[in-house]
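J.: One structure, pasted below without further comment.
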Amino acid sequence: MFEIYLILVTCLLLPICYLITNSITYIYYQLKCLKDIQETKNIMCIDNTYILYIANIYIKRKKWLDCIAMLEFYMTKVRVNEAKMLAQYYNYIGLCYQNTNIYKIAQKYYLKAYNKAPLTKQILKNLASIYKLSGDIENANKIHEKLIVLNRK
1 MFEIYLILVT CLLLPICYLI TNSITYIYYQ LKCLKDIQET KNIMCIDNTY
51 ILYIANIYIK RKKWLDCIAM LEFYMTKVRV NEAKMLAQYY NYIGLCYQNT
101 NIYKIAQKYY LKAYNKAPLT KQILKNLASI YKLSGDIENA NKIHEKLIVL
151 NRK
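Numbering (full-length UniProt numbering), first residue to last: 1 to 153.
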């Protein structure tokens, strides 16, 4: 009887241990990334992947305005030459505005992202969803058709 109890307790605690371990590793990588950024002497020389990683952290923590402010700062102060990277910045800003229910501005940023990288699936998905939320079903259907064509390739 005691063995069955131990097996049952172990089976119940294993998923909890797994979730805790995943959370700890996620926090570790966040802290490591932030430490690498802190050690950077010039704030303007931070790599774009770090900036996007921090933006992703802000989005997961629902700190929309912090994410928008950071991305806008780096878009104006640092010249981002890569169109795809700039499109990701616009996409994240649009996502923040969409989550704060400011759909017109979100649509503006999604369109900017679409103009920089028209073949990126995530940008197309976000643009279609903002069109649906805005009530523009015709444009949402056009974007869905483009997504279907991209998925077939």
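By construction, the Cβ of each residue, glycine as well, lies at the ideal position given by its N, Cα and C atoms. Since the model is a prediction, treat every value here as computed from it, not as a measurement.
Select from 74, 111, 32 the residue whose C-alpha is nearest the C-alpha of residue 46.
T.: With distances taken between Cα atoms, residue 46 lies closest to 74.
J.: Going straight from the alpha carbon of residue 106 to that of residue 19, what length do you get?
T.: Distance between the alpha carbons of residue 106 and residue 19: 33 Å.
J.: What is the DSSP secondary structure of residue 1, counted as helix, strand or coil?
T.: Here residue 1 sits in coil by DSSP.
J.: Reducing DSSP to helix, strand and coil, say where residue 47 ends up.
T.: The answer is coil: DSSP assigns residue 47 none of H, G, I, E or B.
J.: According to the neighbour-count rule (16 or more other Cβ atoms, all chains shown, within 10 Å of its Cβ), is residue 122 buried or exposed?
T.: With fewer than 16 Cβ atoms within 10 Å of its Cβ, residue 122 is classed as exposed.
J.: Could you check what DSSP says for residue 100 in three-state terms: helix, strand or coil?
T.: Coil.
J.: Buried or exposed: where does residue 91 fall if 16 or more other Cβ atoms within 10 Å of its Cβ makes it buried?
T.: Residue 91 should be labelled buried.
J.: Please classify residue 31 as buried or exposed, where buried requires at least 16 other C-beta atoms within 10 Å of its C-beta.
T.: Residue 31 is exposed by the Cβ-count criterion.
J.: Leaving out the 5 sequence neighbours to the left and right, which residues in its chain are closer than 7 Å to residue 146 when beta-carbon positions are compared?
T.: Only 124 meet the Cβ criterion.
J.: Output yes or no for whether 8 Å exceeds the beta carbon distance between residue 116 and residue 69.
T.: Contact flag unset, no.
J.: What are the start and end residues of each continuous alpha helix (DSSP H) run of 4 or more residues lying completely inside the segment 53-127, in chain order?
T.: 64-77, 83-99, 103-116, all fully within the segment 53-127.
J.: May I ask which residues mark the beginning and end of the alpha helix (DSSP H) holding residue 138?
T.: Segment 137-152, the alpha helix (DSSP H) holding residue 138.
J.: Which residue's Cα is closest to the Cα of residue 109: 53, 71, 36, 38?
T.: Nearest of 53, 71, 36, 38 to residue 109, Cα basis: 71.
J.: Give me the Cα-Cα distance between residue 42 and residue 102, rounded to the nearest whole angstrom.
T.: One C-alpha to the other measures close to 34 Å.
J.: Does the beta-carbon distance from residue 94 to residue 139 come in below 8 Å?
T.: The answer is no: Cβ separation not under 8 Å.
J.: Within 10 Å of its beta-carbon, does residue 96 have 16 or more other beta-carbons around it, so buried, or fewer, so exposed?
T.: So residue 96 counts as buried.
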